[in-house]
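Visitor: Offset between the sequence shown (1-based) and our numbering: plus 155.
Just so you know, even glycine gets a beta-carbon here, dropped at the ideal spot from N, CA and C.
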Amino acid sequence: MQPTSVFLVLLFTRMSLGSPIINIIPMSGEGSTVNILESSEMGTPLAHITINDQEAQCYTESEIAQLWQLSPGEYKLVAFQNLDYEDQTVHFVTIICQSPSFEITRARITVHVVDQNDNAPVITINRLSMSDVIEVAENSPPGTFVAHISVTDVD
156 MQPTSVFLVL LFTRMSLGSP IINIIPMSGE GSTVNILESS EMGTPLAHIT INDQEAQCYT
216 ESEIAQLWQL SPGEYKLVAF QNLDYEDQTV HFVTIICQSP SFEITRARIT VHVVDQNDNA
276 PVITINRLSM SDVIEVAENS PPGTFVAHIS VTDVD
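1) Per DSSP, Gln221 forms a beta bridge with which residues?
2) How would you label Asp208, buried or exposed, when you count the other beta carbons within 10 angstroms and need 16 or more for buried?
3) Tell me whether Thr215 is buried or exposed, calling it buried when 16 or more other Cβ atoms sit within 10 Å of its Cβ.
4) Among the candidates Ile191, Cys252 and Val189, whose CA atom is the shortest distance from the CA of Ile206?
5) Using 8 Å as the cut-off, can you tell me whether the stretch 296-303 makes contact with the stretch 217-232, which would need three or more C-beta pairs spanning the two stretches below that distance?
6) Measuring alpha carbon to alpha carbon, tell me which residue in Ala234, Phe257, Glu258 and Pro255 is nearest Phe247.
7) Please report the straight-line C-alpha distance between Thr188 and Ile264, rounded to a whole angstrom.
8) Between which two residues does the beta strand (DSSP E) harbouring Leu201 extend?
9) Please tell me whether Val268 and Tyr240 are closer than 7 Å, where the distance is taken between their beta carbons.
As structure tokens, then:
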């Protein structure tokens, strides 16, 4: 019997899973809405993100948050900067995932900054006298100017 040689070519084709499916699990909030306290620090988790296609590459379009990959198809969305309610109360984060077959999916997350009383009120007293003590004669008529007091609080 003669030995026979066979040259075999194998082509592997990736089965397309279609567009990646993005699943958002907010740390605080519901659906695609996340709540974060304005006192939260950079790196505070906003949401847990899972993708059905472990080969998909994902990133964010955002100035306030970024994705940290935990494992293939699993990410954590974290605050990338300190957020201040008095500056902006709502931010939007877009997550973009692309499969190896170039199919793209986008998901939009709404981030609500929750106000906290983090600014002390400012009290200003304007008086006629330069002294720290305001003297008023006991026989002064009602409506006599004593001092003008104004209070401002950005919270």
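Guide: So, to answer that:
1) Val233
2) buried
3) buried
4) Cys252
5) no
6) Ala234
7) 6 Å
8) Pro200 to Ile206
9) yes
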